[in-house]
Each structure stands twice: as structure tokens, then as C-alpha cells.
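Enquirer: In case it helps, this note's numbering puts the sequence shown at residues 292 to 702. By construction, the Cβ of each residue, glycine as well, lies at the ideal position given by its N, Cα and C atoms. Got a structure for you, written out below as C-alpha cells; questions coming shortly.
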Amino acid sequence: MENKLHYGWIVIFMGLFTTVAAHGFGRMAYTLLLPAMKDGLSFDYTQLGLLGTGNFIGYLSMAIIGGFLAARFGTRAVITAALALMGITMILTGLAESFGFAFAMRLFTGLGNGAAYVPAMALGSAWFAIHKRGFATGIVSGGIGLGTFLSGLIVPFILKSYNADGWRYSWYILGVLVLFVAVLVGIFLRNQPAEKGLTPVGQKEAPDTAAPAPKVSSLDWGAVYKMKSLWFLGVVYFFYGMSYIIYMVFFAAYLVNEMGYSQAWAGGLWAMVGGLSIFCGVIWGSISDKIGRGKGAALAYLVLGTSYLVYALVKVEAGFYISAVLFGLTAWSIPTIMAAAAGDFVGPKFAPAGLGFITLFFGIGQSIGPALGGYLADTTQSLTTPFLVAGAISLTGMIFSLYLKKPAIDQ
């Protein structure tokens, strides 16, 4: 028995597939589709930013509720249903003819995104001991990079193949892929180690986790959101949400519409970002396991902020490559560290609820970011200012991270 692969690894890879679909296909592909949708639907940057905001409003709403529902009813049912919703609404996005319909579909895709992503990122807390939690969570977050990398290969090819309707076919194909992942997750994912008669990976003893975890009551949820440490963790997460999304949403538009590069070149650079970011969660999760969540987050924020500032100020190919490399190596560092930290503070049973709560702050930040970035771009007639603002916000997050405290008791 001891020589068999622990089922926790299968669960973690189901989490990886979930983030490939939910974030990589459902969200990050929008960055590459934005210029084509702008032309195809005759939208301005403010409208495109609002589409991003609609997606993140949906994400924010269900990230909080989805984390609670996963803690109460189990991650498998919640993630499967959420991915199904995403797949259907992504396909419908391809049928959009008006801003209102496109906004509604992005909103519903965001609802599914939040309900899938937050429980998936909490799987490491349920299935792995604390000293392996950052590493395991990093594997799950690696799906964002893998999905971004695949989107960077798939989307430009579809755009080229179908010309003006390429953005529509991109949504159709990506939506079908997300539905396929929903089926896989429904078959293989399990909620807790106890369901397989196991203890978390890396845990020597067999404590009370041998029994099924009790359902989370509203009183338990109240105790979670009353923790002051979680509120501060949420504030730290807010700065990431507001800054990274400006960079993500306007990355390709900046290169294509302002710097004069081709869609293919921008797609290739974006694919490189995705490729580099596949392992960044594992790297930064492991760093935070060793030096602490606060110091790890501060270092990550410093690198991210530098990336945004270089993108805005060094307007040559070398600058764009440096920015993309720095961002790729650090892209999902903060979500990984925050997910692990939430598990540290509230324990495995309440990890989805704790992560869902701090995602409220993250979601507020990333709901504001695209609209703010679009407004600044339209006002200044340049995307330089939004990237400078993103850099300043990220460096503020670095300062706040240094004041993160360790949890009183290891969970």
C-alpha cells in the first residue's frame, strides 16, 4: 500500500486541469481575443475593459460563495458544475452581436470561473500537510500558465484560420475544451483524503482526518470572516488583483494597436509568458514554504512591479521580452502564496471558505482594474499610464506583505 501513488496527487492534477480550463482558457484567452473582438464588434477600450470587469464581477460573486459551498457540500460537485457553466457561456460568447449580450456571457463565465478556481486552489490544504502545502498549491496554479501557453498557441492559429470570425470560433473551441475538463473532474476528483481512507500527503500521523469532515455551518463561516488576520491577508491580495489584471487585459492590445506589432508576434510573446509561468506557482509556493508567506509575497510583488514598469517605459523589443520573462516567472506567485496562507490560518476543513473570503478583496481589485485601465487609456490615448499605475500598485502590495504575520498555530 505504501508504494502506491497517493490519491492526493491525482486530486492535485485534477486541480491543475481545472485551472487550465477556468483561468487559462476562460480568462487568459480574452487577452489575445481582445483586439479581434474590438474590430469585430466595434468596441472601444472602455467597453472592452467593462467586459473584463463584468467577468471579474461574476468571478468575485461566486469566488466567495463558491468557496463556502465547496467547504459545505464538497469541491467535486461545485467545480464540475462551475466548469460546465463556463463551457456553455464561453460558447455563447462566440455568438455575441451586442455589448449587452457579450457582457452577460462574460459575467456568467466569471461566475463559473470563481466557483471552479477557488475550491481548486484550496485542494492543496485539504490533501497535503502544511510543509508541502505551498508546493502542492503551486502545481494547481501551474494550470494557469499551462492554459495561457496553450491559448497562446491555439488562439492565434484560429484567428488566422477564420479571419474576421476567428474570435468567435476561438470561444467555441475553448468552450468545448472546458466542458471536457468538467467531465474529467466529475469522474476523478475527491473532496477529502478520508473518502479514500487516507491522510494528507506528507502527514505521518493519522489524526481525526480519518473521519469524514463535518459540514461547515453558518456559525463556522462567521468565525472565518471575523479573523483579523484574514482581513489583512485580503488587503494584501487586493493589490495583486488590481495590478496584474491591467497588465493581462491590455498586454496584446498595447503591442498590436499601439506599438505596431502583429497579432502573431503578440501571441508568441504571450505563449512565452504562459510557458514560463507553468512552474512559477511551484517555485514561489516552495519559496514561501521556506522563508514564510509574507516575505515570499513581498519578493514576488517586487518582481511583478518591475515587470509592469519595464513594459511601460522600455518601449523596444528587449524591454517587452524582459517584462514578459519577469511576469511569466512570477505571474501566479501571489495567488499560490495567498491560497497556502489561507489554509495556514483556518486549516484544511475551512480552506475553501477562507480562500473564498480573501478572494473578495482580490476580486474587488481585479473588477476595478480593467475599467480603470481602459479609462486611463482612452483619456491619455495611450496604454503607458495604466501600466505605470499597475507598477505603483504592485509595489504598494510589496510593502503591505512585509507586515503579514504567521498563524498562531500550524494547521
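If you follow the alpha helix (DSSP H) that GLY554 is in, where does it begin and where does it stop?
Expert: According to the sequence as given, residue 554 is Gln; it is not Gly. Per DSSP, GLN554 belongs to the alpha helix (DSSP H) from 554–568.
Enquirer: Going by DSSP, what residue range makes up the alpha helix (DSSP H) through THR384?
Expert: 366–384
Enquirer: Are the beta-carbon atoms of LEU489 and TYR298 separated by less than 8 Å?
Expert: yes
Enquirer: The alpha helix (DSSP H) that contains LYS697, what's its start and end?
Expert: Note, LYS697: premise wrong, no alpha helix (DSSP H); not H, not E.
Enquirer: Starting from the C-beta of LYS668, find all residues in its chain whose C-beta is less than 6 Å away, skip the five residues before and the five after it, and write them out in chain order.
Expert: According to the sequence shown, residue 668 is Ala rather than Lys. Cβ neighbours of ALA668 beyond the five flanking positions: TYR336, LEU674, PRO677.
Enquirer: Rounded to whole angstroms, what's the CA-CA distance from LEU475 to LEU376? Just pull it up for me.
Expert: 15 Å
Enquirer: Let me make sure I understand the geometry here. Which of GLY477, VAL409, VAL526, ALA393 has the alpha-carbon closest to that of GLY331?
Expert: Considering only alpha carbons, the answer is ALA393.
Enquirer: Out of ALA312, TRP462, PHE542, point me to the one whose CA is closest to LEU374's CA.
Expert: With distances taken between Cα atoms, LEU374 lies closest to ALA312.
Enquirer: Determine, using beta carbons only, whether SER658 and THR344 come nearer to each other than 8 Å.
Expert: yes
Enquirer: Work out the CA separation of GLY457 and LEU341 for me, nearest whole Å.
Expert: 22 Å
Enquirer: Could you please give the first and the last residue of the uninterrupted alpha helix (DSSP H) stretch that includes LEU624?
Expert: The sequence as given places Ser at residue 624; Leu does not occur at that position. Unbroken alpha helix (DSSP H) run through SER624: 624–637.
Enquirer: Take GLY236 as the anchor and find which of VAL540, VAL564, ALA588 has the nearest alpha-carbon.
Expert: Past the boundaries of the shown model lies residue 236; the chain is included only from 292 to 702, so the question cannot be answered.
Enquirer: Pick helix, strand or coil for VAL605, following the three-state DSSP scheme.
Expert: coil
Enquirer: Determine, using beta carbons only, whether GLY315 and GLY405 come nearer to each other than 8 Å.
Expert: no
Enquirer: Can you tell me whether LEU296 is buried or exposed, with buried defined as 16 or more other CB within 10 angstroms of its CB?
Expert: exposed
Enquirer: Would you call THR671 buried or exposed, if buried means 16 or more other Cβ atoms sit within 10 Å of its Cβ?
Expert: exposed
Enquirer: Taking just the CA atoms, how far does LYS586 sit from LEU600?
Expert: 21 Å
Enquirer: Specify, as a first and last residue, the run of the alpha helix (DSSP H) that ASN404 falls within.
Expert: Run containing ASN404: 390–412, per the alpha helix (DSSP H) assignment.
Enquirer: Can you tell me whether PHE419 is helix, strand or coil according to DSSP?
Expert: Assigned with DSSP and collapsed to three states, PHE419 falls in strand.
Enquirer: Taking only the alpha-carbon atoms, compute the straight-line gap between ALA497 and GLY425 and give it to the nearest angstrom.
Expert: Unreliable positioning characterises ALA497 in this predicted model, as indicated by a pLDDT of 49, which lies under 50. The coordinate reading is nonetheless provided below. Answer to the nearest angstrom: the Cα atoms are 21 Å apart.
Enquirer: Leaving out five residues on either side along the sequence, give the residues of the same chain with a beta carbon under 6 Å from the beta carbon of LEU567.
Expert: GLY619, LEU620
Enquirer: In angstroms with no decimal places, state the Cα-to-Cα distance between ALA588 and TYR453.
Expert: 42 Å
Enquirer: Output the distance between the C-alpha atoms of LEU450 and GLY443, rounded to the nearest integer angstrom.
Expert: 11 Å
Enquirer: Rounded to whole angstroms, what's the CA-CA distance from TRP556 to GLY583? Just pull it up for me.
Expert: TRP556 and GLY583: Cα-Cα distance of roughly 38 Å.
Enquirer: Going by C-alpha distance, which of TRP623, VAL302, ILE355, GLU549 is nearest ALA485?
Expert: VAL302
Enquirer: Please report the straight-line C-alpha distance between TYR552 and MET629, rounded to a whole angstrom.
Expert: 35 Å
Enquirer: In whole angstroms, give me the CA-to-CA distance for VAL637 and GLY645.
Expert: 6 Å
Enquirer: Between the Cα of GLY596 and the Cα atoms of LEU560, ALA543, GLY532, PHE570, which residue gives the shortest distance?
Expert: GLY532
Enquirer: Classify TYR545: buried if its beta carbon has 16 or more other beta carbons within 10 angstroms, exposed otherwise.
Expert: With at least 16 other beta carbons inside 10 angstroms of its own, TYR545 counts as buried.
Enquirer: Quick one: Cα of ALA543 to Cα of PHE448, how far?
Expert: 15 Å
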